[in-house]
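Numbering (full-length UniProt numbering), first residue to last: 1 to 700. Every residue, glycine too, gets a C-beta built ideally from N, C-alpha and C.
This is how it looks when you write it as structure tokens:
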């Protein structure tokens, strides 16, 4: 299996034979066969390509935390504004935000009331005025009873709004992640770590922190205005002392704690890496057990844990250093206002209660203007989250880390087959791409379902010393026909299927085929087992659950995805229980029905419960239910015995499904009409199966 990269940069010479277009059916090649290749009388091999230069890293350029405030603010804007400005819920969201802001203003008003009540309360206490003291005590208790609901409901509605924002934002990220092949490009290119963590955890932390910090900022501004007047009216020098103290504290806290941003960013990534390692052990428990790989896995997990712990220790040291300063800063507040205003009290210019009032106002204002000091660690963590989500958003907009020009181009730049040298093709325009044209089923030109024209397929990114896989391939697959793709490992068999599916664009040429979900079906060697019931396994991916709850035969409600083979016509009907059972039986899975006692709505960990052979048969059951026009199968029967393999291929023929298979077994030839054999280095032969059978069997 060859790993994909996002783009292929050109100005390389493509050496090798240019295999001509077909003249009817049968073998299609140019003369000059090398010795030692049986059955290949009319082809000549292609020389190796020189090592391509590395293209620019796209998403990887964003890796690591950003230290530029402008970048962080830009990403914050990109992440935060869409919910409030673009979503269908924006009007309701704004009203709910206004409710929280109103309650926040109410909490500030209550704090001001408490400030004046506290002054009169302590004045009465200092004057030993029992009647006044009792009156103020009752008022104080009444204010507490009246004020508590405002504080509680403010926090409740704020949390509720954060949950709703998180749900919308998570759905948006999930939708973009699963849009097109972004998720595949991310997994193939490795341009971003742990997208699952970013969607599930970072989004939640972002909405909670963004709302909390913004509400705190509003409260700080209102507090600052409200209590500054109180403090200034008591003693202006105290107000000036406060400003000096807070500005100095903010600057020092930034200098001491600036390392926290990068450390928090790295901690998120390393914790996610460790968790992912544990998940991989769970998902591959049987393989690890067969290999006896427990010690190796333990060592690998230990290394990941050590990385997380090492970074965490650095994070704790940085937090400790900041805590020394913030603790001193906080405790000094208790003395500073009293020390500044005490001389006025000793002179008799102010009452005792004013000291308490000024201290309270001082603390409020200092908390407002020292927001960076008190919240620096939270702000550092929030900045790391903004970086991670902002990078993720940028990469998704780049189609999962692939060059947009590659993934979205409709027409590939042609290879410049100039006169540089015989058999040479030069990539033009800097980038060569394969053009994949999705066609309406039945409108691909008569009976034709798949057309490959002058396809040259190259290993993306230049990671191979011989990146040319296929050169100038022409292939036509008509309805109800079948093609087997064979060849040694690394020759490009699976890569050709990737190109047809639109997952690989490195090379040149044109592919015309039905769209995935609209007549094209893919069956991999290891089928994907979804989380859900046996019914959902069988209906995936043609039908999807739309409503949780009672539905067909007590299962969930389903809707068709795409248009199946009925493009432009009524959609495929949802199979009933009888059709599902029949599909299982045709796929030789009667035993599975017995194991679940005939319950199609039984839930299980199917990937762990079923052997690979059973999973492959289940994939065929899906295929028979979906009834696509064209199916691409990548060694889809590798775990099956020849008897089951024969029955499944016969089921495809009985249902009139056109199929293209990749396989190594010579016994597969009998189930196909044509054999495309890839020889590596760009060379290929295409035979009628009846002509190729003896040569291929002899070669094996």
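Residue from 359, 381, 630 and 503 whose Cα sits closest to the Cα of residue 188:
503
Within a Cβ cutoff of 8 Å, which residues of the same chain sit near residue 161, ignoring the five residues on either side of it in sequence?
93, 96, 97, 100 and 211
Using only CA atoms, which one of 383, 256 and 499 lies nearest to residue 264?
383
Every unbroken alpha helix (DSSP H) within the region 102-177, with a cutoff of 4 residues, ordered by chain
130-177
Quick check on this structure: which residue in 487, 389, 158 and 235 has the alpha carbon closest to the alpha carbon of residue 635?
487
Pick from 668, 538, 76 and 672 that is closest to residue 615, judged by C-alpha positions
538
Find out if the Cβ-Cβ distance for the pair residue 147, residue 114 is shorter than 9 Å.
yes
Quick one: is residue 266 buried, meaning 16 or more other Cβ sit within 10 Å of its Cβ, or exposed?
buried
Relative to the C-alpha of residue 351, which candidate in 458, 234 and 365 has its C-alpha closest?
234
Please report the straight-line C-alpha distance between residue 314 and residue 324, rounded to a whole angstrom.
16 Å
If the criterion is Cβ atoms closer than 9 Å, does the pair residue 621 and residue 529 meet it?
no
Identify whether residue 506 lies in helix, strand or coil by the three-state DSSP scheme.
strand
With C-beta atoms as the reference, is residue 506 less than 9 Å away from residue 458?
yes
Less than 9 Å separating the beta-carbons of residue 329 and residue 249?
yes
Assigned secondary structure, residue 247 (DSSP; H/G/I helix, E/B strand, else coil)
helix
Can you pull the DSSP bridge partners for residue 658?
630
Use the C-beta contact count for residue 332: other C-beta atoms within 10 angstroms, 16 or more gives buried, fewer gives exposed.
exposed
Which residues mark the beginning and the end of the alpha helix (DSSP H) in which residue 454 is found?
Note, residue 454: premise wrong, no alpha helix (DSSP H); beta strand (DSSP E) at 448-458.
How long is the line joining the alpha carbons of residue 626 and residue 542, rounded to whole angstroms?
6 Å
How about the region 168-178 and the region 250-258: do they share at least three Cβ pairs that are nearer than 8 Å?
no
Can you tell me where the alpha helix (DSSP H) holding residue 584 begins and where it ends?
577-586
Please say whether residue 676 and residue 389 have beta carbons closer to each other than 9 Å?
no
Where residue 191 sits in the DSSP three-state scheme:
coil
From 588, 153, 217 and 610, pick the residue whose C-alpha is nearest to that of residue 368; which is it?
217
Please state whether DSSP places residue 485 in a helix, a strand or coil.
strand
Coarse secondary structure for residue 387, derived from DSSP in three states
helix
Buried or exposed: which applies to residue 278, given that a residue is buried once 16 or more other Cβ atoms fall within 10 Å of its Cβ?
exposed
Could you give the distance in angstroms between the alpha-carbon of residue 524 and the alpha-carbon of residue 659?
13 Å
To the nearest angstrom, how far is the alpha carbon of residue 238 from that of residue 130?
31 Å
For my contact list, residue 118 and residue 357 are in at a C-beta cut-off of 8 Å; report their separation, rounded to the angstrom.
6 Å
For residue 670, count the other beta carbons within 10 Å of its own beta carbon; 16 or more makes it buried, fewer makes it exposed. Which is it?
exposed
Look at the alpha carbon of residue 430 and the alpha carbon of residue 182, and state the distance between them as a whole number of angstroms.
Legend: pLDDT at residue 430 = 43, less than 50; position of this residue unreliable, value from coordinates given subsequently. Spanning the two alpha carbons is a distance of roughly 23 Å.
State the beta-bridge partners of residue 476 as determined by DSSP.
451
Where does residue 152 land, buried or exposed, given buried means 16+ other C-beta within 10 angstroms?
exposed
Take the Cβ of residue 580 as the centre, count every other Cβ of all protein chains shown within 10 Å, and call the residue buried at 16 or more, exposed below.
buried
Do residue 170 and residue 199 count as a contact pair if the criterion is CB distance below 9 Å?
yes
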